[in-house]
Amino acid sequence: MGEFSSDDTCETGGKWMDFATPPRWAVGEQPDYQGRTAVVILHNGTNAHLSSETEASFIKPLTFNLNVNSTKGNRKRTHDINGYPLTIIDTPERVSQLMDDLLVNPTEDLYVDLEGENLCRHGTITIVAIHLVEPRRTYLVDVHTLGDTAFYTPAAVDNTTTLKTILESHTRTKVFFDVRNDSDALRVLYDILLQGVMDVQIMELGFRQCTGGGWLRGLRYCVRNSTQVGLSAEEKNEWLENKWQMARKFRSMDGEGGEHHDPGLTQRPLTPEAVEYSAGDVVLLPQVRREYMDTLDDFWMWFVERETAARVEESQDDGYVPHGRRKALVPWTVPDFEERIKEYNRMIEDEYYPTDDDESEASDAEDCFLWFHGVSFWLYEVSLG
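Structure below.
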């Protein structure tokens, strides 16, 4: 997940904001807002259904109990654990089956996370994790094994659909947490121009109504402070500790800010720890996203979408710099934010209040209607003799 943030020192330096006369916006006071073949690994039931207010309470920490029932040949090897399936995609046939699965509901949002060594244009992509809410299922696409095949193998039911075309689709939403280096790596390494993105890290800024300045927050902070991930305090602490320990195991930083990964992410078959590490973030994104979306009004939704698109565009520029302290900073200042408010207000005014040209066109239409009505009435009188 190319995630940059300051998890523990993240109070912003910007102002808070409030409505002026809705739907206009202005800076003001804070309002009161409330193997080798496919391997199936099941973990304790993370139940991530966006449409239900109660299902999030059933989320459990990711734990792996390796009671392996081995099979031979091309059949699946399953790890019998209570929960829903996680499938490792490491053959072209499995990629094609995955594309078929993703086409069952071609408008369903996809929750996506990438892993790799120094994940960016200068490194590698090792795994693409994809999580579906309905049906609840997670896939780990083994890019280390498959290479280009992971992105260019078509679906069996539609030979024009590949993982590349899905990632590049404007109409199918892909949800990331800090999309920047993921997007950079996809473009440079596999010629994929990611589109249709929702970035939960940007949504978190809308959730706290950050008007500029300060630090971005990482997923650990977001989970720790979330009220909707469905974890008890004890379970949440266990998840946070596991994430911290696995991050130390699987990630190390070089002197220039690049990440280097433990060989466990390139070892095949993947170890249970590597699987848990690769899937552990993406399965919680639906709940965190829902919590933030519930607080966003029209302005903030517009703002988040705009800033996410700008973030993706920046990451796809030839001059994009994938590492550095600036990436942990909120990407707009208070003056930037005030300009966005003006832009939004102008957009609303154009939508709800006609311009002179619009008034002129309306006046012409009204004159035409009155003329036609008058002529019709005259013809009616003539017909009566």
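Each residue of the sequence shown is one higher than the one before, counting from 1 in this note's numbering.
Built from N, CA and C at the ideal position, the CB exists for glycine as well.
These figures come from a predicted structure and were not determined experimentally.
- Between ARG224 and VAL95, the alpha-carbon positions lie close to 34 Å from each other.
- For the alpha helix (DSSP H) assignment, the uninterrupted runs of no fewer than 4 residues enclosed by the segment 291-352 are, from N- to C-terminal side, 298-315 and 334-352.
- Proximity of the segment 288-302 to the segment 135-143 falls short of the contact definition, fewer than three beta-carbon pairs being nearer than 8 Å.
- Here GLU234 is exposed. Its C-beta has fewer than 16 other C-beta atoms within 10 Å.
- Our two residues, ASP100 and ARG220, have alpha carbons roughly 33 Å apart in a direct line.
- By the neighbour-count definition (other C-beta atoms within 10 Å, threshold 16), ALA279 is a buried residue.
- A check of alpha carbon separations from LEU98 across GLN267, ASP148, PRO154 and GLU349 identifies PRO154 as the nearest.
- Assignment of PRO154 by DSSP, reduced to helix, strand and coil, places it in the coil class.
- Sorting GLU168, ARG306 and THR87 by C-alpha distance to the C-alpha of LEU205 places ARG306 at the top.
- When THR149, LEU270 and THR160 are compared, the shortest CA-CA separation from GLU93 is found for THR149.
- Under DSSP, PHE176 shares a beta bridge with ASP199.
- If you draw a straight line from the Cα of THR161 to the Cα of PRO322, it comes to about 30 Å.
- A Cβ-Cβ distance of about 6 Å is found for the pair ALA274 and LEU265, placing them in contact under the 8 Å criterion.
- The closest CA to that of LEU86, considering only LEU132, ASP113 and ARG137, is found on ARG137.
- DSSP, read as helix, strand or coil, puts GLU168 in coil.
- HIS122: not part of any alpha helix (DSSP H); DSSP gives it neither H nor E.
- Beta-bridge partners of HIS131 (DSSP): TYR111 and THR138.
- When GLN209, LYS327 and PRO331 are compared, the shortest CA-CA separation from ASP298 is found for GLN209.
- Spanning the alpha carbons of ALA185 and HIS131 requires a straight line of approximately 20 Å.
- Judged by pairs of C-beta atoms under 8 Å, the segment 175-192 touches the segment 117-130, as three or more such pairs exist.
- With respect to VAL312, VAL179 sits close: the two C-beta atoms are nearer than 8 Å.
- Excluding its 5 nearest sequence neighbours in each direction, HIS170 has C-beta neighbours in its own chain below 8 Å: GLN195 and GLY196, listed in chain order.
- In the DSSP annotation of this structure, the continuous segment of the beta strand (DSSP E) that includes LEU86 starts and ends at 84-89.
- Across the set MET301, ALA328 and LYS174, the C-alpha of MET301 shows the shortest separation from the C-alpha of ILE341.
- Between the alpha carbons of TYR344 and GLU168 lies a distance of about 27 Å.
- For the pair GLU134 and PHE177, the Cα-to-Cα distance works out to about 20 Å.
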